[in-house]
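For reference, the structure discussed in these notes is given below.
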Amino acid sequence: EKAKWPKSTVQLWEKLSKKEANDIETIQKSIVHHVTTTLARAAYNMDNFTAYQAVALSTRDRLISRWNETQGQLSKADPKRVYYLSLEFLLGRSMDNALLNMGLKDTYGKSIEQLGFRMEDVIESEVDAALGNGGLGRLAACYMDSLATLDYPAWGYGLRYTYGIFQQRIVDGYQTEYPDYWLNFDNPWELPRLDISIQIGFGGHVQTTQDEYGVTRHNWIPASSVQAIAYDVPIPGYDTGNCNNIRLWRSKPTRVFDLTSFNEGNYEKSVEDATNAEKITSVLYPNDNTMAGKELRLKQQYFWTAASLHDIVRRFKKSAREWTDFPDQVAIQLNDTHPTMAIVELQRLLVDEEMLSWDDAWDIVTKTFAFTNHTVLPEAMEKWSVPMMEYLLPRHLQIIFDINLFFLQKVEMKFPNDRGLLNRMSIIEEAQPQQIRMAHLAVVGSHKVNGVAALHSNLIKTTIFKDFVAYYGEEKFVNRTNGITPRRWLHQANPQLSALITETLGSQKWLKELTLLKGLNNKVDDPEFRKKWVAIKRANKVRLAELIKTRCNVTVSPDALFDVQVKRIHEYKRQFMNILYVIYRYRFIKSMTPSQKAGVQPRVVIFGGKAAPGYYIAKLVIKLINGVAKVVNQDPAVGDLLKVVFIPDYNVSVAEVIVPASDISQHISTAGTEASGTSNMKFVLNGGLIIGTLDGANIEILEEIGEDNIFIFGCLAHDVEDLRHAQRYRNVPMNPALQGVISAIEKGTFEDPKVFQPLISTLTVGKDFYLISYDFASYIAANQQVDAAYKNQEEWIKKSIRCTANMGKFSSDRSVKEYADEIWDIKPHPVVDEGYM
Ligand code: Z15
């Protein structure tokens, strides 16, 4: 006990806890110390990976000091915190980012160079933390970076999956999946908190009793339970001592249950129970924007939300405040509907365990939660079957039915005798079996609902949540346009451009105040500046060409126009339309005379992205891309005029190479289907132009950078319904250019055409739901405009500079501030440097 210590002991602790200097010698000592002790290696048997491990451990030491100091000061001050509940945190690599954010990259670089290693090689040895699918998971990671950088008291809560998103390899043109066992070597970026363990129940029954006042009490008696063990991931802010936390839960068998079977002599059953407990956090579900309805997924969701809430409530209780103060201390953001069970769990804790009245509890619950919707696609809407919920969480099901009953009673009061309305708004869908609509539950249990881009936020108000807007009023439904962190997506991924910007603007302030990039607009007419700008783009293209050579064994010219579409493979994102246009272009080039060919703008068309393993059509799109690549890349009649590559295993660290190297990138979803998109922001921030539809954040990017710097085509979201109707009920002929392309595939230009028939059928039998045929003519025209614009290199470079200069709005710092001010009501709480971090 510190209080009982003599002064000399206290002083000794304080002296020894002070941080070490961050000079090269101290850092080298720390690296070598980890090599020779923690890693038990010596200089003569070290490789890049060992060097990485040692640098990582040394970096980790410094991270932990900041984490400790930040969390210690926060515990004392106890300000209102936000908890960001996300089933996915797609962090990627940590080392480079941590060193840059802590301002230690240069020193570590020099330190390790003198010790005989190149920093780039050391960085490359790190495996990605890929605990997410795509946009939603990466958004959570960008938000954690901004929250830390802006000194907000914020914690993320998620799951520590043993297997992240699968690794993708291409075999005979097909996607094949391999497990992502990312914890093969020790993970230095987490702090196991084996002492923090929470028991989570499942199944069983509900005991109903009357208390001494005649009030009915519900007591849930679970049939089984598992333990949640905490693993903390430090998130250092940029240019601040602040270090936030992501707490990831791992499932473990409980000792009690384990031992019972064991002692009863049923050894096999006890091992089976243990294995089942561990299964809960084994694997990330690989679906992006689709719902599979698997029981294990519901178990994951409850396990995670219950553990997180238990932790949050325990922290709140330390302060001995009134329950009514809970929403003044705690804001909880629901990242999509995945954590919606947290609403039900908090209501259960307050009513069943803390003995609050239903209404008092519900008031606290709805003031605490806010909900972000990320999609309007019907196949992505989460619904859980009532029988499954009853079997896994019987008391929670009762509470859901009660929430629904009280809610619908109020709707009935406001809009009497409208049974259609009650049916549409009900949390329970009357199907066989009944289904729980998680989005409705999330709306009813939250005080604010937001979409992720202006168009999307308006769309949800007129489509999926229309009735709820009529009931609650407009104010509950707001927009928070997504953002990206400029630290990772410019400073780290594009160090040369970052240095040029800093040199030009005179300081690094722009990295925390991204609208300062506007200053670059003055440089557009400076030919010397343009020369530097284009040289950096070219160097980035050389780096990407090397990656393409290694991964695809295709040689591409960095002088060609690099045209990129990297994102999850999904029909609504229309990679199919992109490859169909590539075929069109290929056939067009083949039809040319040599002198005509001389006028063609050479292009390298780059694809990347994973398809959900069960998504048959998306996997066929990958097969078609690879089929086309094989034919086109070998065709001497085309040569360097057209190359097509599919970069396997697209992930965050690969994106960091691709994004800075693009001339044009494709964000071509059917209008109204892509809620926001965030890679569009990354490309434009790095001076890449985009070709895109009037969808998601493209619209706001257009507003910021101006129509001269973006290639827009295709129908409007407003017209999609009518166009689909026409496709379905009138015999709309296929666009003739597209018809030519389809014929070429059917003639067997790209392997056995039988393989692609189901894909082609989506245009005919499937009535072209994503409107590829309708948009094809304007897509061809937009691509021609791209070629023409690229021909005029000086003008193109000006566009590129203007792109970067006007992207300030899309910093995730701006997004996070908007959430903090008007949804969470939290304030920055800077950590004070007392010499310990
Ligand atoms: C996902 O990655 C997104 C939405 C979802 O509903 C799910 Cl389950 C996964 C994406 C959107 O498709 C994308 O448009 C958006 O930019 C991103 O979330 C972040 O908001």
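Residue numbers (UniProt numbering): 34 to 870.
Note that CB positions come from ideal geometry on N, CA and C, so glycine has one too.
Suppose you measure from the CA of residue 636 to the CA of residue 619; what does that come to, to the nearest Å?
Taking the first residue of the sequence shown as 1, we reach residue 636 at position 603. Taking the first residue of the sequence shown as 1, we reach residue 619 at position 586. Those two C-alpha atoms are separated by around 11 Å.
Taking Cβ positions, are residue 684 and residue 173 nearer each other than 8 Å?
The residue you call residue 684 lines up with position 651 of the sequence shown. The residue you call residue 173 lines up with position 140 of the sequence shown. Against a cut-off of 8 Å, the Cβ pair of residue 173 and residue 684 comes out as no contact.
Could you give the DSSP three-state label for residue 695: helix, strand or coil?
Within the sequence shown, the letter at position 662 stands for residue 695. DSSP places residue 695 in coil when its eight states are reduced to three.
Taking all protein chains shown into account, decide if residue 106 is buried (16 or more other Cβ within 10 angstroms of its Cβ) or exposed.
Taking the sequence shown and counting its residues from 1, one reaches residue 106 at position 73. Around the beta carbon of residue 106, a 10 Å sphere encloses 16 or more other beta carbons of the protein chains shown; the residue is thus reported as buried.
If you follow the beta strand (DSSP E) that residue 880 is in, where does it begin and where does it stop?
With the chain running from 34 to 870 in the structure shown, residue 880 is simply not present.
Say the cut is 7 Å; is the CB of residue 172 nearer than that to a heavy atom of ligand 1?
On the sequence shown, residue 172 is found 139 positions in, with the first residue counted as 1. Flag set: Cβ of residue 172 near ligand 1.
Measure how close the beta-carbons of residue 236 and residue 424 come, nearest whole angstrom, since I'm counting them as under 8 Å.
Indexing the sequence shown from 1 puts residue 236 at position 203. Indexing the sequence shown from 1 puts residue 424 at position 391. Beta-carbon to beta-carbon, residue 236 and residue 424 are separated by about 7 Å, close enough to satisfy the 8 Å threshold.
Indicate whether the contact test is met: 3 or more Cβ pairs, each with one atom in the region 151-171 and one in the region 95-104, closer than 8 Å.
No contact exists between the region 151-171 and the region 95-104.
Can you list, in chain order, the residues of its chain with a C-beta nearer than 7 Å to that of residue 748? Leave out the 5 residues immediately preceding and following it.
Taking the sequence shown and counting its residues from 1, one reaches residue 748 at position 715. Apart from the 5 residues on each side of it in sequence, residue 748 sits with its Cβ closer than 7 Å to the Cβ of 704, 756, 804, 807, 808 in its chain, given in chain order.
For ligand 1, any of its heavy atoms closer than 7 Å to the Cβ of residue 496?
One-based indexing of the sequence shown puts residue 496 at position 463. No, the Cβ of residue 496 stays beyond 7 Å of every heavy atom of ligand 1.
Does ligand 1 have a heavy atom nearer than 7 Å to the CB of residue 877?
Summary: the structure shown does not reach residue 877, with the chain confined to residues 34 through 870, and so no result is reported for it.
Where residue 541 falls: helix, strand or coil (DSSP)
The residue given as residue 541 occupies position 508 in the sequence shown. Looking at residue 541 - three-state DSSP - the assignment turns out to be coil, as it is neither helix nor strand.
Just the Cα atoms here: how many angstroms apart are residue 366 and residue 516?
Residue mapping note: residue 366 aligns to position 333 of the sequence shown, counting from 1. Residue mapping note: residue 516 aligns to position 483 of the sequence shown, counting from 1. If you take the alpha carbons of residue 366 and residue 516, they lie about 16 Å apart.
Touch check for the region 553-572 and the region 602-611: three-plus C-beta pairs under 8 Å?
Taking a contact to require three or more Cβ pairs closer than 8 Å, the region 553-572 and the region 602-611 do not qualify as touching.
Option nearest residue 646 by Cα separation, candidates 208, 194, 60, 109
Taking the sequence shown and counting its residues from 1, one reaches residue 646 at position 613. Comparing Cα positions, the closest option is 208.
Just verifying my parser: in three-state terms, what is the DSSP assignment at residue 808?
Position 775 of the sequence shown holds residue 808. The answer is helix: DSSP assigns residue 808 an H, G or I state.
Residue 150: buried (16+ other C-beta within 10 angstroms of its C-beta) or exposed?
Taking the first residue of the sequence shown as 1, we reach residue 150 at position 117. Counting Cβ neighbours within 10 Å, residue 150 comes out buried, since at least 16 surround it.
Cα-Cα separation between residue 302 and residue 716, rounded to whole angstroms
Taking the first residue of the sequence shown as position 1, residue 302 is located at position 269. Taking the first residue of the sequence shown as position 1, residue 716 is located at position 683. Distance between the alpha carbons of residue 302 and residue 716: 53 Å.
With a cut-off of 8 Å, do at least 3 Cβ pairs link the region 124-137 to the region 692-700?
Cβ pair count under 8 Å is below three, so no.
With a CB to CB cut of under 7 Å and the five nearest residues on each side skipped, what residues in its chain are close to residue 263?
Here residue 263 is taken as the residue at index 230 of the sequence shown, counted from 1. Excluding positions up to five away in sequence, the list reads 226, 229, 280, 282.
Spatially closest choice to residue 845 from 177, 48, 800, by CA coordinates
Position 812 of the sequence shown, counted from the first residue, corresponds to residue 845. With distances taken between Cα atoms, residue 845 lies closest to 177.
Presumed contact (8 Å Cβ cut-off) between residue 533 and residue 417, rounded CB distance
Position 500 of the sequence shown, counting from 1, holds the residue named residue 533. Position 384 of the sequence shown, counting from 1, holds the residue named residue 417. That pair is no contact at about 51 Å.
Residue 193 and residue 161 closer than 8 Å at C-beta:
Counting from one through the sequence shown, the residue named residue 193 turns up at place 160. Counting from one through the sequence shown, the residue named residue 161 turns up at place 128. No, the Cβ-Cβ distance between residue 193 and residue 161 is not below 8 Å.
Looking at ligand 1, does it come within less than 7 Å of residue 178, judged from the CB to the closest heavy atom?
Taking the sequence shown and counting its residues from 1, the one referred to as residue 178 is at position 145. Flag unset: Cβ of residue 178 not near ligand 1.
Give me whichever residues DSSP pairs with residue 202 in a beta bridge.
Translated into positions along the sequence shown, residue 202 becomes position 169. Answer is 209.
Return the bridge partner residues of residue 253 from the DSSP annotation.
For the purposes of this step, residue 253 is taken as the residue at position 220 of the sequence shown. When DSSP reads this structure, residue 253 sits in a beta bridge with 239.
Looking only at C-alpha atoms, which of 448, 159, 65 sits nearest to residue 147?
Against the sequence shown, residue 147 aligns to sequence position 114. Scanning 448, 159, 65 for the CA closest to the CA of residue 147 turns up 65.
Any heavy atom of ligand 1 closer than 7 Å to the CB of residue 707?
Working through the sequence shown from its first residue, we reach residue 707 at position 674. Yes, the Cβ of residue 707 comes within 7 Å of a heavy atom of ligand 1.
To test your reading of the DSSP string, which unbroken alpha helix (DSSP H) runs of 4 or more residues are found completely within the region 730-787?
Correct list: 731-738, 750-762, 769-779.
Considering only residues of the same chain and omitting the five flanking positions on each side of residue 79, which have a CB-CB separation below 7 Å?
Locating residue 79 in the sequence shown gives position 46, where the first residue counts as 1. Counting only residues of its own chain and dropping the five nearest sequence neighbours on each side, residue 79 has a CB closer than 7 Å to the CB of 68.
Sorted by chain position, which residues of the same chain lie with C-beta nearer than 6 Å to residue 569's C-beta, five sequence neighbours on each side aside?
Residue numbering aside, residue 569 sits at position 536 when the sequence shown is read from its first letter. Excluding its 5 nearest sequence neighbours in each direction, residue 569 has C-beta neighbours in its own chain below 6 Å: 529, 530, listed in chain order.
Pick from 589, 81, 500, 707 that is closest to residue 665, judged by C-alpha positions:
Locating residue 665 in the sequence shown gives position 632, where the first residue counts as 1. Ranked by how close their Cα comes to the Cα of residue 665, the residues 589, 81, 500, 707 have 589 in first place.
Indicate, with yes or no, if ligand 1 has a heavy atom lying under 7 Å from the CB of residue 711.
As a working mapping, residue 711 is identified with position 678 in the sequence shown. Look at residue 711: its beta carbon is less than 7 Å from one of the heavy atoms in ligand 1.
Is residue 251 a contact residue of ligand 1, with contact defined as CB to any heavy atom under 7 Å?
The residue labelled residue 251 in the question sits at position 218 within the sequence shown. It does not: the Cβ of residue 251 is nowhere closer than 7 Å to a heavy atom of ligand 1.
Runs of beta strand (DSSP E) wholly within the region 113-147 (minimum 3 residues, chain order)
Counting only runs that start and end inside the region 113-147, the beta strand (DSSP E) elements of at least 3 residues fall at 114-118, 122-125.
Is any heavy atom of ligand 2 found at a distance shorter than 7 Å from the C-beta of residue 512?
As far as ligands go, the structure on display features ligand 1 and does not contain ligand 2.
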